[in-house]
Structures are given as C-alpha cells and as structure tokens.
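All remarks here apply to the structure that follows.
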Amino acid sequence: MVRSFLRDTDLSPAEAAEVFELAHRYKTTRGAGVLDILNGQSWGLIFFKKSTRTRLSFEAGVYELGGNPMVMSSNDLQISRGETIEDTARVMGRYLHGLVIRTFEQEMVDKFAKYSGRPVVNALTDLLHPCQSYTDMFTMMEHFSNGAPNVESLKGKKFVFFGDTACNMAYSLALAGSMFGVEVVLCGPEEFKPGKELDVLFDSANLEKSYTFTPDPEAAAKNADVLYTDVWVSMGKEDEKAERIKQMSPYQVNDNLFKLADKNAIFMHCLPAHANEEVSESVLESPRSIIFDQAENRLHVQKAIMSWLVQKNRQLNG
Ligand code: CP
Ligand code: NVA
Numbered sequence: 036m037v038r039s040f041l042r043d044t045d046l047s048p049a050e051a052a053e054v055f056e057l058a059h060r061y062k063t064t065r066g067a068g069v070l071d072i073l074n075g076q077s078w079g080l081i082f083f084k085k086s087t088r089t090r091l092s093f094e095a096g097v098y099e100l101g102g103n104p105m106v107m108s109s110n111d112l113q114i115s116r117g118e119t120i121e122d123t124a125r126v127m128g129r130y131l132h133g134l135v136i137r138t139f140e141q142e143m144v145d146k147f148a149k150y151s152g153r154p155v156v157n158a159l160t161d162l163l164h165p166c167q168s169y170t171d172m173f174t175m176m177e178h179f180s181n182g183a184p185n186v187e188s189l190k191g192k193k194f195v196f197f198g199d200t201a202c203n204m205a206y207s208l209a210l211a212g213s214m215f216g217v218e219v220v221l222c223g224p225e226e227f228k229p230g231k232e233l234d235v236l237f238d239s240a241n242l243e244k245s246y247t248f249t250p251d252p253e254a255a256a257k258n259a260d261v262l263y264t265d266v267w268v269s270m271g272k273e274d275e276k277a278e279r280i281k282q283m284s285p286y287q288v289n290d291n292l293f294k295l296a297d298k299n300a301i302f303m304h305c306l307p308a309h310a311n312e313e314v315s316e317s318v319l320e321s322p323r324s325i326i327f328d329q330a331e332n333r334l335h336v337q338k339a340i341m342s343w344l345v346q347k348n349r350q351l352n353g
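Just so we're aligned, residue 36 is where the sequence shown starts under the working numbering, counting upward by one.
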C-alpha cells in the first residue's frame with residue numbers, strides 16, 4: 036500500500052499534526068542547507084491548470100529536500116493527444132518517485148495514485164485543494180498559538196468563508212477545519228451552497244461535521260476570528276463570470292463585515308486575489324491581512340507533506 040495525499044482526510048488529525056510540526060521545523064531551519072530526504076528522487080509536477088504559488092513552492096520544495104523537480108504542462112504530454120491516464124501513470128511510475136498533480140477532476144488524481152504506484156499529492160482539483168487548507172490551518176496555528184504552533188490553538192475558533200461555498204477551497208477548509216475543531220461557517224448565495232459531494236467526503240472519512248452554511252453575511256461575520264475568501268470565478272468557471280459576480284457581490288469581505296467580527300479578527304485568502312471584487316482593497320492591504328504568510332507557508336507545509344509521505348511509505352513498504 037502506498038500512502039498519498041489526495042483528500043484533506045487522507046491523514047488522520049494526529050498525522051496532520053506531525054506534518055505541521057515538521058513544517059515548523061523546516062520553516063525555522065530553512066537556509067541551513069539542502070536536505071537529503073529526496074536524495075536520488077525525481078518528482079513530477081503536472082499542471083492541467085495555471086499556477087503561480089503551487090508550481091513555485093513545489094519546485095523549490097523538491098529541490099530543498101534534495102530531489103529533482105520535473106515540471107510539466109499537460110499540453111506538452113501525450114495526454115493532450117489522447118494517451119490514457121492509466122498508461123501515463125504507469126509509465127511515470129517507472130521513472131518518477133512521486134507525483135504532484137493539479138487538474139480538473141478528482142477522479143484523475145485518484146487514477147494517477149492507483150496506476151503509478153507512487154505517492155501522489157493533490158495540488159488542486161475542482162473538488163479539493165488540501166495543500167492550501169493544511170497550509171491555512173498551519174498559518175492560523177502560528178497566529179493563534181503562544182509559542183510553537185500547536186493544533187490546540189485552533190479549537191473553537193470561528194472561521195468564516197465567504198463567497199463560492201461550493202468551490203474546492205470551501206470544501207477543503209470545511210474538512211480540514213472539522214479535523215481540528217474549528218467552527219467553520221460557509222457563507223454565500225443559496226445558488227452556490229455546498230452540494231451533496233461535501234457530505235459524501237465527510238461520510239466516507241467518518242468525520243463529524245463542524246461546519247454550517249448561511250446566506251447571511253452579517254450573521255456569519257459576527258464575532259468571527261477569521262474572515263476568509265477566495266476568487267468568485269474558479270479556474271474552469273470563466274463562462275459563468277458575469278452571473279457569479281452579480282450573485283456574490285453581497286459577500287465581499289470589507290470593513291463593514293470586519294466591524295462585526297472579533298476585534299482581533301484576521302483576513303485570509305488563498306490567492307490570487309481580485310481587489311474590490313471578493314475583498315476590498317482596504318482589507319486586503321490592512322495589517323489584519325496574513326495572506327503572504329499563507330503564501331510563504333505553502334513551501335514549508337508541502338515540504339513536510341512530501342517528507343512525511345516518503346518516510347511513511349518507507350516504513351510501510353521498506
Ligand atoms: N493558492 C494557489 O494555489 O495559488 P496558485 O493557483 O498560484 O498555485
Ligand atoms: N478556487 C480557486 C482556487 C485557486 C487557488 C480555483 O479553483 O481557481
């Protein structure tokens with residue numbers, strides 16, 4: 036059996052806490068030289084969608100762990116001319132030691148894991164973005180802990196996600212938040228409320244839900260510790276842009292919503308951001324905004340995820 040990271044719940048909360056500890060260690064010792072955990076390994080980073088943070092942080096991360104990152108756009112592969120995922124994955128498994136994949140369908144990352152025989156990391160699908168949600172939990176831990184970041188600091192925090200609550204970020208944050216006792220509120224238009232697929236994700240992981248949905252932004256913001264948003268038009272949804280902007284405009288995160296939140300509330304966004312669309316420029320640029328800590332932490336957390344998988348798979352398979 037080869038462990039992968041395809042869904043937020045692929046690690047238990049205790050295992051995720053190990054990843055966070057490792058991420059903290061990597062962050063505080065960065066610059067002390069290249070590590071050797073991926074010595075002699077080549078990792079394929081395959082992108083079916085655009086990326087800035089994910090691509091750069093994984094490429095730098097594999098290098099800093101002593102490995103060889105090989106970045107590929109799906110357009111350059113025979114997949115774009117009809118070669119199957121099953122065959123591509125079996126071929127890649129013969130050359131590469133791990134895969135990081137950003138794509139549309141969740142089923143595709145599942146197939147890569149099944150057929151490559153290598154650890155696969157989900158670098159965003161239409162359904163989930165677990166590397167980002169883990170990074171966000173870690174960044175919140177850094178912010179709320181006294182001393183070293185610890186998962187206990189997340190318990191009972193009111194975390195509100197505004198906007199498209201049926202998108203990958205909303206789902207991953209609902210799952211990861213529920214793993215660590217965060218009180219997650221998903222707030223957006225009824226037309227974009229979470230679908231049954233989120234229930235399926237919770238049920239198949241046997242995870243108790245700690246999220247609720249409301250279409251009322253003022254009620255949601257009240258006493259919140261974290262106000263979070265994501266783009267209103269996710270990659271692949273560009274045809275719905277006009278409709279989405281119209282329906283989501285009451286959910287912009289701005290100073291009015293912050294007035295209702297806890298006085299120490301912070302602002303988070305996975306980025307890329309659209310100032311004065313899903314978030315006002317005043318909030319985006321305010322001292323409450325920890326968006327660049329989130330962006331930086333992608334590097335440390337993803338290095339920890341890859342190391343954790345490599346070490347776990349060595350224990351399991353020798
Ligand atoms: N947040 C995030 O995944 O950014 P990129 O799309 O730039 O990778
Ligand atoms: N929901 C966004 C996240 C980008 C990191 C998208 O899928 O485009």
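Virtual Cβ for every residue (Gly too), placed ideally from N, Cα, C.
Just to confirm, does valine 135 get its C-beta within under 6 Å of one of the non-hydrogen atoms of the ligand NVA? no
CA nearest to the CA of arginine 38, picked from Thr89, Asp171, Asp145, Leu100: Asp145
Could I get the ranges of all uninterrupted beta strand (DSSP E) runs contained in the stretch 170 to 239, with 3 residues as the minimum, in chain order? 193 to 197, 218 to 222
What first and last residue would you give for the beta strand (DSSP E) that runs through histidine 304? 301 to 304
Valine 266 CB to nearest heavy atom of the ligand NVA below 6 Å: yes
What are the boundary residues of the alpha helix (DSSP H) that includes tyrosine 150? 141 to 151
Residues near lysine 257 by beta carbon distance below 7 Å, same chain, minus five either side: Leu295
Through-space distance from valine 268 to leucine 46, alpha-carbon basis: 29 Å
Answer yes or no: do valine 97 and tryptophan 78 have a C-beta to C-beta separation smaller than 7 Å? yes
The alpha helix (DSSP H) spanning serine 342 covers which residue range? 326 to 352
Can you list, in chain order, the residues of its chain with a C-beta nearer than 7 Å to that of histidine 309? Leave out the 5 residues immediately preceding and following it. Val266
Cβ-based neighbour list, lysine 244, same chain, cut-off 7 Å, excluding 5 preceding and 5 following: Ser213, Phe237
Separation of arginine 90 from glutamine 113, as counted between CA atoms: 21 Å
As assigned by DSSP and simplified to three states, the class of glycine 128: helix
Between the C-alpha atoms of aspartate 122 and arginine 88, what's the straight-line distance to the nearest angstrom? 29 Å
Assess contact between the stretch 197 to 205 and the stretch 216 to 236, defined as three or more Cβ pairs (one per stretch) separated by less than 8 Å. Is contact present? yes
Any beta-carbon of chain D closer than 7 Å to the one on glycine 66? Protein chains in the displayed structure number just one, and chain D is not present.
Range covered by the alpha helix (DSSP H) that runs through methionine 283: 276 to 283
What did DSSP end up calling arginine 60 once you bin it into helix, strand or coil? helix
In or out: glutamine 329 buried (at least 16 other Cβ within 10 Å) or exposed? buried
To which residues of the same chain is asparagine 74 closer than 6 Å at the C-beta, ignoring the five residues directly before and after it? Gly101
Boundaries of the beta strand (DSSP E) in which proline 104 is found, first to last residue: 103 to 108
Less than 7 Å between the C-beta atoms of aspartate 297 and aspartate 260, yes or no? yes
Near the ligand CP: threonine 89 beta-carbon under 6 Å from a heavy atom: yes
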